[in-house]
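Residue numbers (the working numbering): 558 to 692.
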């Protein structure tokens, strides 16, 4: 009798496979792989554009340095002007120990309440005037 019961367990159907769940798992794995591939492509493209921008900037600086009288782009002229301004500020020696022009640590900003100590507020517009009684 026990033999029949054990034999019966062997002939039971295997549990039903959920094909929809398996398909969803496969699609999710494909989607994740595609996202990873696109992310890598985006990183490579950003790196390439960054390198190109750096190269163009170096070319602009080189052309401006070797031919200052020639025609140059507005960007090249602006970059040159900023470099000269930065060099002039560095030459004046007003840099703080942090390497910044007037950083907030060395030159703290006053709070708003401290800025207007000497000012007094008058009565609000439309309010009755205050009359002082001298008795």
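We put the beta carbon where it would ideally sit given N, CA and C, even for glycine.
Residue i vs residue j beta-carbon contact at 8 Å
{"i": "residue 642", "j": "residue 658", "result": "no"}
Supposed contact pair residue j and residue i - C-beta distance, whole angstroms, cut 8 Å
{"i": "residue 617", "j": "residue 632", "result": "7 Å"}
{"i": "residue 621", "j": "residue 600", "result": "No, residue 621 and residue 600 are not in contact; Cβ-Cβ is about 32 Å, not under 8 Å."}
Own chain partners of residue i with C-beta closer than 8 Å, once the 5 adjacent residues on each side are dropped
{"i": "residue 662", "result": "653 and 655"}
{"i": "residue 627", "result": "620"}
{"i": "residue 664", "result": "653"}
{"i": "residue 685", "result": "none"}
Host alpha helix (DSSP H) of residue i (start-end)
{"i": "residue 623", "result": "576 to 623"}
{"i": "residue 662", "result": "Neither: residue 662 is in no alpha helix (DSSP H) and is coded neither H nor E."}
{"i": "residue 635", "result": "631 to 649"}
Cβ-based neighbour list, residue i, same chain, cut-off 6 Å, excluding 5 preceding and 5 following
{"i": "residue 629", "result": "621"}
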